[in-house]
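Residue numbers (the numbering used here), protein chains in the order written: chain A, 308 to 668; chain B, 17 to 269. Cβ coordinates follow ideal geometry from the N, Cα and C atoms, glycine included. Just below is one structure, and these are the notes that go with it.
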């Protein structure tokens with residue numbers, strides 16, 4: 308709060324412009340909540356600020372494409388850049404190896420489509436040489452919601468610099484070998500205890516669990532165990548300063564089990580790949596060539612409030628800008644003939660048959 | 017005595033019945049919702065009605081999904097101080113977020129029931145308890161999928177309604193059971209419920225002006241001649257921080 312300079316314009320909403328000078332990764336939200344960044348500036352904007360501390364974020368995977376990894380990578384990188392401890396659990400053989408694929412913060416230059424060009428150059432310097440320039444450049448432009456510190460753009464082609472990894476407590480767990488979920492539960496509990504212990508300043512922790520119900524895990528046939536694990540994880544996280552993001556493949560589990568998981572989620576997202584050559588969809592949407600997938604926001608966390616957050620659009624296209632930066636954009640329907648039956652709510656269905664709608668997620 | 021205008025939901029629940037002190041006494045209210053539209057605001061509103069100074073009700077709130085702080089903040093915005101009510105012993109909050117009963121329910125649900133029973137039996141005659149369960153599907157998860165145990169527990173709670181004039185207000189998620197072959201729990205609950213409240217999204221999708229629609233099925237409303245009939249109400253709602261607006265479809269400009 309102390310470092311806030313006079314802002315040039317007052318068009319930003321107050322709550323998003325207030326960044327906490329002690330902990331750049333945190334931001335105050337409404338109803339006594341705090342946000343941490345998802346690592347994707349557009350997603351933060353869509354969700355109204357980011358992921359709420361104490362919330363459970365669930366991502367429904369596309370069974371055929373690893374788009375959920377894009378979300379996970381940015382989420383984890385952002386945490387490491389902010390010096391937030393991280394717990395990563397994955398069914399892969401070598402979970403620590405995944406850390407090598409995390410993206411490095413960069414900056415989008417010469418951006419025509421979005422109005423964030425003004426301060427980018429200076430900001431990059433501010434970011435890299437922060438300790439020299441100090442807090443001068445913080446909260447520079449309010450038209451960017453003062454997010455330079457809070458949320459970085461990540462260059463997917465550059466691996467995360469080593470000093471980020473070495474300075475932060477990172478815990479990697481391979482869940483493939485676990486006989487039951489009790490071990491993972493204990494790891495999460497001890498991780499959360501560590502986060503809670505630093506009392507002086509508010510710090511946040513991040514837990515990322517990848518492909519939670521995937522069949523290579525030995526407990527994958529114990530649905531009730533998995534549910535009660537998620538339930539107790541959610542209860543633990545609610546009283547701590549951390550965010551859990553769990554991805555799971557909905558097609559591999561029974562529909563009622565999937566619905567239960569969806570109900571437990573505070574924030575529910577789903578990702579889908581789009582096929583390369585889908586003529587029908589290409590006709591329907593503008594900018595189809597640049598898309599790599601679709602993101603659907605099905606639920607936004609509502610902690611401490613009863614008012615639901617209704618988004619203007621729920622489906623967004625995932626694009627890689629300059630093949631490096633992850634951006635989310637609203638779907639723009641190309642003006643075409645009267646096939647009005649397929650609105651953007653159902654346009655996520657990849658194949659030509661659009662009857663399935665959003666239910667088969 | 018202040019007279020707050022009753023809204024459509026209150027009327028549908030039968031709270032406008034002047035003949036009784038507490039119209040919900042002895043009745044079971046089941047709220048069903050789905051992923052797209054949550055029905056928790058119905059619980060909030062009934063909870064607020066229960067805790068008005070006029071109502072004789074004492075609330076036992078069994079929480080599976082949200083901690084006390086969440087409800088405290090929400091109800092405070094609605095004009096009801098849960099912390100103060102807790103000190104007045106009109107509100108008992110039972111935090112079940114960490115409950116796990118892996119094998120049998122002796123270590124989980126039985127103590128829970130005993131707690132509820134203790135509160136209920138310790139009350140004076142003119143008082144009545146209202147039991148809130150904020151998520152039955154999570155109760156099921158806590159009981160490790162044993163819907164029999166959950167049903168037993170609920171039946172025990174129901175005996176309290178008949179013996180002591182308790183009422184039970186519970187939330188369940190309807191869409192979980194849609195694909196199940198024989199959803200015993202859901203069907204039994206719907207059978208047992210005197211008032212069934214369903215929260216659904218509009219068929220046309222979510223909108224900022226209308227957050228969804230409620231269908232209230234009130235079984236056994238007495239129409240004055242001694243015969244009972246069902247009454248179905250259907251209306252739209254918009255949830256706000258300090259209230260919920262209810263209106264009939266198309267009645268808003």
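What are the partner residues of residue i, as DSSP defines its beta bridges?
i, result
"residue 134 (chain B)", "In DSSP, residue 134 (chain B) forms no bridge with anything."
"residue 248 (chain B)", "B:233"
"residue 413 (chain A)", "A:460"
"residue 216 (chain B)", "B:229"
"residue 147 (chain B)", "B:76, B:184"
"residue 636 (chain A)", "A:624"
"residue 513 (chain A)", "A:393, A:550"
"residue 589 (chain A)", "None; residue 589 (chain A) has no bridge partner."
"residue 466 (chain A)", "A:410"
Can you give me the Cβ contacts of residue i inside the same chain, cut-off strictly under 8 Å, excluding the 5 residues immediately before and after it?
i, result
"residue 74 (chain B)", "105, 106, 107, 108, 135, 139, 143, 144, 145, 146"
"residue 402 (chain A)", "395, 396, 479, 480, 481"
"residue 178 (chain B)", "42"
"residue 31 (chain B)", "22, 39, 40, 65"
Identify the contact partners of residue i in chain B, using a Cβ-Cβ distance below 7 Å as the criterion.
i, result
"residue 562 (chain A)", "195"
"residue 612 (chain A)", "90, 257"
Measuring only the C-alpha atoms, how far is residue i from residue j?
i, j, result
"residue 605 (chain A)", "residue 573 (chain A)", "10 Å"
"residue 512 (chain A)", "residue 91 (chain B)", "29 Å"
"residue 596 (chain A)", "residue 634 (chain A)", "14 Å"
"residue 216 (chain B)", "residue 615 (chain A)", "13 Å"
"residue 125 (chain B)", "residue 378 (chain A)", "39 Å"
"residue 130 (chain B)", "residue 35 (chain B)", "32 Å"
"residue 198 (chain B)", "residue 190 (chain B)", "13 Å"
"residue 400 (chain A)", "residue 518 (chain A)", "13 Å"
"residue 80 (chain B)", "residue 585 (chain A)", "45 Å"
"residue 465 (chain A)", "residue 559 (chain A)", "33 Å"
"residue 424 (chain A)", "residue 389 (chain A)", "Per-residue confidence for residue 424 (chain A) stands at a pLDDT of 41, beneath the threshold of 50, marking its modelled position as unreliable; no derived number is given."
"residue 57 (chain B)", "residue 172 (chain B)", "26 Å"
"residue 51 (chain B)", "residue 569 (chain A)", "7 Å"
"residue 352 (chain A)", "residue 386 (chain A)", "17 Å"
"residue 639 (chain A)", "residue 621 (chain A)", "13 Å"
"residue 382 (chain A)", "residue 578 (chain A)", "15 Å"
"residue 193 (chain B)", "residue 69 (chain B)", "38 Å"
"residue 200 (chain B)", "residue 206 (chain B)", "10 Å"
"residue 562 (chain A)", "residue 196 (chain B)", "8 Å"
"residue 538 (chain A)", "residue 590 (chain A)", "43 Å"
"residue 575 (chain A)", "residue 364 (chain A)", "6 Å"
"residue 166 (chain B)", "residue 153 (chain B)", "9 Å"
"residue 547 (chain A)", "residue 87 (chain B)", "17 Å"
Can you pull the chain A residues whose beta carbon is under 8 Å from the beta carbon of residue i, in chain order?
i, result
"residue 216 (chain B)", "Per Cβ cutoff of 8 Å: no residues; residue 216 (chain B) is ~13 Å from chain A at best."
"residue 223 (chain B)", "617"
"residue 205 (chain B)", "Within 8 Å Cβ-Cβ: nothing; residue 205 (chain B) doesn't reach chain A, min ~15 Å."
DSSP state of residue i, grouped into three classes?
i, result
"residue 560 (chain A)", "coil"
"residue 424 (chain A)", "A caution first: residue 424 (chain A) carries a pLDDT of 41, below 50, which makes its placement in the model too unreliable to give a value."
"residue 68 (chain B)", "coil"
"residue 476 (chain A)", "coil"
"residue 401 (chain A)", "coil"
"residue 574 (chain A)", "strand"
"residue 340 (chain A)", "coil"
"residue 265 (chain B)", "coil"
"residue 604 (chain A)", "strand"
"residue 626 (chain A)", "strand"
"residue 198 (chain B)", "coil"
"residue 406 (chain A)", "helix"
"residue 529 (chain A)", "coil"
"residue 51 (chain B)", "coil"
"residue 112 (chain B)", "coil"
"residue 22 (chain B)", "coil"
Only counting the same chain, and skipping five residues up and downstream in sequence, which positions put a Cβ closer than 6 Å to that of residue i?
i, result
"residue 210 (chain B)", "43, 44, 235"
"residue 482 (chain A)", "396, 398, 491, 524"
"residue 252 (chain B)", "226, 229, 263, 265"
"residue 476 (chain A)", "392"
"residue 529 (chain A)", "none"
Determine the chain A residues that contact residue i at a beta-carbon separation under 7 Å, and present them in chain order.
i, result
"residue 191 (chain B)", "566"
"residue 86 (chain B)", "610, 611"
Using C-beta distances below 7 Å, list every residue in its chain close to residue i, excluding the 5 sequence neighbours before and after it, in chain order.
i, result
"residue 336 (chain A)", "322, 342, 356, 359"
"residue 598 (chain A)", "581, 624, 625, 626"
"residue 84 (chain B)", "109, 111"
"residue 556 (chain A)", "368, 370, 518, 520, 521"
"residue 384 (chain A)", "346, 409, 410, 461, 467"
In chain A, what lies closer than 9 Å to residue i by C-beta?
i, result
"residue 157 (chain B)", "531, 534, 535, 537, 538, 567, 571"
Does the ligand COA have a heavy atom nearer than 7 Å to the CB of residue i?
i, result
"residue 470 (chain A)", "Inclusion of the ligand COA in the displayed structure is not the case, the ligand content being empty and no account of it being possible."
| task | May I ask you to list, following chain order, the residues of the segment 41 to 64 of chain B that have a beta carbon less than 8 Å from some beta carbon of chain E? | result | No chain E appears in this structure, whose protein chains are A and B.
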